[in-house]
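Enquirer: Handing you this structure, nothing more for now.
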Amino acid sequence: MSLEVRLEQRLGAFTLDIAFTTKGRVTALFGPSGAGKSSVVAAVAGLSRPRQGHIAVNGRVLFDGASVFVPPEARRIAVVFQEARLFPHMNVEDNLKFGWRRALNKADAATISHVIELLGLEQLLRRQPKALSGGEKSRVALGRALLAAPDMLLLDEPLVALDQPRRDEILPYLEKLARETKLPMLYVSHQLDEVARLADEIVVLENGRVTAQGPVFDMLTDVGAIAGVPPLGAVFEATVVEHQSDGLTRLNFVGGVLFVPHLRQAVGVKVRVRLRAEDIMLALTEPTGISANNVLACTVTDIRMLGDHADVQLLCGAIKLVSRITEASRARLKLERGLKLYGVVKAVTVAREAG
Amino acid sequence: MGEGLSPAEAEALWLSLRISSVAILSALPLAFLTALLLVRRRFWGAGLVETAVYLPLVLPPVAVGYLLLAAFGGRGALGGWLYASFGIRFVFSWTGAALASALITFPLQVRAIRQALEATDRGLIAAARTLGARPFDRLVNITLPLALPGIVSGAITAFAASLGEFGAIITFVSNIPGETQTLPLAIYAALQAPGGEMAAARLCTLSILLAVIFVSLGDLAAKRIWR
Chain Y
792 MSLEVRLEQR
802 LGAFTLDIAF
812 TTKGRVTALF
822 GPSGAGKSSV
832 VAAVAGLSRP
842 RQGHIAVNGR
852 VLFDGASVFV
862 PPEARRIAVV
872 FQEARLFPHM
882 NVEDNLKFGW
892 RRALNKADAA
902 TISHVIELLG
912 LEQLLRRQPK
922 ALSGGEKSRV
932 ALGRALLAAP
942 DMLLLDEPLV
952 ALDQPRRDEI
962 LPYLEKLARE
972 TKLPMLYVSH
982 QLDEVARLAD
992 EIVVLENGRV
1002 TAQGPVFDML
1012 TDVGAIAGVP
1022 PLGAVFEATV
1032 VEHQSDGLTR
1042 LNFVGGVLFV
1052 PHLRQAVGVK
1062 VRVRLRAEDI
1072 MLALTEPTGI
1082 SANNVLACTV
1092 TDIRMLGDHA
1102 DVQLLCGAIK
1112 LVSRITEASR
1122 ARLKLERGLK
1132 LYGVVKAVTV
1142 AREAG
Chain S
168 MGEGLSPAEA
178 EALWLSLRIS
188 SVAILSALPL
198 AFLTALLLVR
208 RRFWGAGLVE
218 TAVYLPLVLP
228 PVAVGYLLLA
238 AFGGRGALGG
248 WLYASFGIRF
258 VFSWTGAALA
268 SALITFPLQV
278 RAIRQALEAT
288 DRGLIAAART
298 LGARPFDRLV
308 NITLPLALPG
318 IVSGAITAFA
328 ASLGEFGAII
338 TFVSNIPGET
348 QTLPLAIYAA
358 LQAPGGEMAA
368 ARLCTLSILL
378 AVIFVSLGDL
388 AAKRIWR
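Protein chains in written order, with the working numbering: chain Y, 792 to 1146; chain S, 168 to 394.
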């Protein structure tokens, strides 16, 4: 897909001046609250009309200054809102089919069953929204948006109203969606871990402006790419090569080999792997006799001092990693750019199958 | 109410229920449209419409009855035309009583519907828009069903108020047993006749009973709000 957004808007003392173009399938719009994310959502969905700007999806112009304004009901952009916004006077099935009934190119019965199955909604169809849990509501809202057969899916912090267990319940569905459907998505969030699991590309918003943009793999490890937010660590792709008899699964990536507890994915499948900055310890000599399964040879490429701790950017093969250590450790190890050392990985998170 | 209702009293009860039902139901669509207009509130003269709608609430009912008589009476401009063109006559007829009741209770209906419309979640309307629902579609499938409990509650409350309407009816269509003599008018007639206190007391008790029943029903309907 291609999404073109250019917006100029004044909201009291706050000025929004945003421009970005993205070709990623899942683009994350990331930024703290008050950065202007909601304004972008409203403008792209057509629920607000900015003073000036230009919005186009796949070359179809939806908004252009004073000359073009396609109303939301004709935009074919389905929105999943922060609150599920299910229609309380309709059961789950009627909610799911609300957009479908009004779509120009209606999904066939097989697609409907597939979406219902994908989101695990089979048992809920006859229920009223008020009888659903928060997580179930989110899944229905997601299904309703999908079945509207939109050109693009706009997810406006769909998990923000949920507690952590509910988030963990929904995230796998979103990952499946990101992987299986070919639907372009704009995912708005201020949660970096959601972005890391789902997005291909990140647009960073701060104080009404775009401050950074790039592929997720680069953005999350760049020390200082996202100001005010600690780098999350590394996100990269790896391939399952062997399920070993000792219970570990061996993954290959362009920087070396990782061992992780047994994965259900078959050999040959690509997965997205995340190494958190807090989970990488540094050693000047190759450590032996330790419990960690993974020790990676790295080179220091950048260091950012942040008061009592420091973020150290490392290059391991072609992969960038980040290690968060205390300022005291940094001084003791005399870290500097170009130094070769070892990263001891305490934990590896396998986020999802790579799409 | 030991000996039950006399045939004349039963007739007054039946007439009251019939006149109020017709009054409320025929005014409902217009009340809904008026409320919708006032909620959107983006046209020139909205304030004027609002004042006109709420006027019967504060005007003396006798004055409303007189105005109706002036307009719809045999020599009134509207009344003469309606009779000449369609053979419709409001004066001295139960339909005139219904018209008077509808006018007096119109503000109550508009106010209840307006509150229900203002309480509808704008977020749901926005969600419906992004799913492809056009204005009329949204009105019928989202706005109306969501406001329905409020609309029903308002209609029942207006119905209860309509049962008690006196001044406008007696001024406009007089006090004719079996035609325009509703419960309040029957109470008045009973009090005018010598020895009619017992009958008046019975009809009064009946009125209280009806009021309690319909006000409770209205409350019940209001509580069935969608969540």
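No residue lacks a Cβ here, since even glycine has one placed at the ideal position from N, Cα and C.
Could you tell me whether any Cβ in chain S is nearer than 8 Å to the Cβ of I868(Y)?
Expert: Judged by the 8 Å Cβ criterion, I868(Y) is in contact with chain S.
Enquirer: Beta carbon of L977(Y), beta carbon of T812(Y): below 8 Å?
Expert: It is not a contact, given that the beta carbons lie outside the stated cut-off.
Enquirer: Tell me which residues of the segment 276 to 308 of chain S have at least one Cβ-Cβ distance to chain Y shorter than 9 Å, keeping chain order.
Expert: Residues D288, G290, L291, A293, A294, A295, R296, T297, L298, G299, A300, R301, P302, D304, R305 and N308.
Enquirer: Specify, as a first and last residue, the run of the alpha helix (DSSP H) that A353(S) falls within.
Expert: Note, A353(S): alpha helix (DSSP H), L350 to Q359.
Enquirer: For L962(Y) and S839(Y), what's the separation of their Cα atoms in angstroms?
Expert: Each residue's alpha carbon lies about 29 Å from the other.
Enquirer: Three-state secondary structure (DSSP) at K928(Y)?
Expert: K928(Y) falls in the helix class under three-state DSSP.
Enquirer: Looking at the unbroken alpha helix (DSSP H) that takes in Q282(S), where does it start and where does it end?
Expert: Q282(S) -> alpha helix (DSSP H) spans W261 to A286.
Enquirer: Flag this pair as yes or no: are the beta carbons of R918(Y) and A987(Y) separated by less than 8 Å?
Expert: No. Outside cutoff.
Enquirer: Might you give, ordered along the chain, the residues of its own chain that have their beta carbon closer than 7 Å to the beta carbon of H1100(Y), omitting 5 neighbours on each side?
Expert: If we look at H1100(Y) and ignore the five residues flanking it on each side, its Cβ neighbours are R1115, I1116, T1117 and E1118.
Enquirer: Using the C-alpha atoms, what's the distance from V832(Y) back to L182(S)?
Expert: Straight-line Cα distance between these residues: approximately 58 Å.
Enquirer: Looking only at its own chain, which residues have a Cβ that is under 8 Å from the Cβ of A244(S), when we skip the five neighbours before and after it?
Expert: Excluding positions up to five away in sequence, the list reads A238.
Enquirer: If we ignore side chains and look at the alpha-carbon of each, how far apart do N1085(Y) and R1055(Y) end up?
Expert: Roughly 20 Å between the two C-alpha positions.
Enquirer: So, does the CB of P841(Y) fall closer than 8 Å to a CB anywhere in chain S?
Expert: So no, P841(Y) is outside the interface.
Enquirer: For the segment 793 to 811 of chain Y against the segment 835 to 855 of chain Y, do three or more pairs of beta-carbon atoms, one drawn from each stretch, fall closer than 8 Å, so that the two count as touching?
Expert: As far as the Cβ criterion goes, the segment 793 to 811 of chain Y touches the segment 835 to 855 of chain Y, which means the pair count is three or higher.
Enquirer: Considering just the uninterrupted stretch of the beta strand (DSSP E) at R1065(Y), what are its terminal residues?
Expert: Element bounds for R1065(Y): K1061 to R1067.
Enquirer: Pick helix, strand or coil for M792(Y), following the three-state DSSP scheme.
Expert: Correct three-state label for M792(Y): coil.
Enquirer: Tell me which same chain residues have a C-beta within less than 7 Å of the C-beta of V951(Y), skipping the five on either side of it?
Expert: Hits under 7 Å: Q873.
Enquirer: Report the residues of the segment 875 to 901 of chain Y with a CB closer than 8 Å to any CB of chain S, ordered along the chain.
Expert: Result list: R876, F878, P879, H880, F889, G890, R893 and A894.
Enquirer: Closer than 7 Å by C-beta to K967(Y): which residues in its own chain qualify, once you throw out the five before and the five after it? Chain order, please.
Expert: If we look at K967(Y) and ignore the five residues flanking it on each side, its Cβ neighbours are L909.
Enquirer: To the nearest angstrom, report how far apart W261(S) and V340(S) are at their CA atoms.
Expert: Taking the straight line joining both Cα atoms gives about 8 Å.
Enquirer: How about L284(S) and V206(S): are their beta carbons less than 8 Å apart?
Expert: Taking 8 Å as the Cβ cut-off, L284(S) and V206(S) qualify as a contacting pair.
Enquirer: Can you give me the C-alpha to C-alpha distance between E884(Y) and F1008(Y), rounded to a whole angstrom?
Expert: If you take the alpha carbons of E884(Y) and F1008(Y), they lie about 38 Å apart.
Enquirer: Can you list, in chain order, the residues of its chain with a C-beta nearer than 7 Å to that of I1110(Y)? Leave out the 5 residues immediately preceding and following it.
Expert: Excluding residues within five positions, the ones whose Cβ falls inside 7 Å are A1025, F1027, F1044, V1045 and G1046.
Enquirer: Find the residues of chain Y that neighbour L313(S), judging by a C-beta separation of less than 9 Å, and give them in chain order.
Expert: What L313(S) touches in chain Y: F878, P879 and H880.
Enquirer: For D959(Y), count neighbouring Cβ atoms within 10 angstroms of its own Cβ and tell me buried if that reaches 16, exposed if not.
Expert: Label assigned to D959(Y): exposed.
Enquirer: Using only alpha-carbon positions, find the residue among R816(Y), G911(Y) and S830(Y) that is nearest to F805(Y).
Expert: That would be S830(Y), whose Cα lies nearest to the Cα of F805(Y).
Enquirer: Please give me, in chain order, every unbroken run of the alpha helix (DSSP H) with length at least 4 that falls completely inside the segment 939 to 1008 of chain Y.
Expert: List check, alpha helix (DSSP H) in window: 955 to 971 and 983 to 989.
Enquirer: Below 8 Å on C-beta distance, what does E948(Y) contact in chain S?
Expert: Result: empty, since nearest Cβ-Cβ is about 14 Å, beyond 8 Å.
Enquirer: For chain S, find out if any of its Cβ atoms is closer than 8 Å to the Cβ of A939(Y); answer yes or no.
Expert: Yes, contact with chain S.
Enquirer: Just tell me which of T1076(Y), C1089(Y), V1113(Y) and L1011(Y) has its CA closest to the CA of V1048(Y).
Expert: Measuring from the Cα of V1048(Y), the nearest candidate turns out to be C1089(Y).
Enquirer: Would you mind giving the Cβ-Cβ distance between E176(S) and A366(S), rounded to the nearest angstrom? I have them listed as a contact below 8 Å.
Expert: The Cβ separation is near 7 Å, so the contact holds.
Enquirer: Residues of chain S with CB under 9 Å from A836(Y), in chain order?
Expert: Chain S residues near A836(Y): A293, R296 and T297.
Enquirer: Tell me the residue span of the alpha helix (DSSP H) that contains L1106(Y).
Expert: Counting along the chain, L1106(Y) falls outside any alpha helix (DSSP H), though it belongs to the beta strand (DSSP E) covering H1100 to C1107.
Enquirer: Checking the sheet assignment: what are the DSSP bridge partners for M1072(Y)?
Expert: Paired residue(s): V1135(Y).
Enquirer: CA-CA distance, K888(Y) and A865(Y)?
Expert: Taking the straight line from one Cα to the other gives about 17 Å.
Enquirer: Suppose you measure from the CA of Y221(S) to the CA of R278(S); what does that come to, to the nearest Å?
Expert: Spanning the two alpha carbons is a distance of roughly 9 Å.
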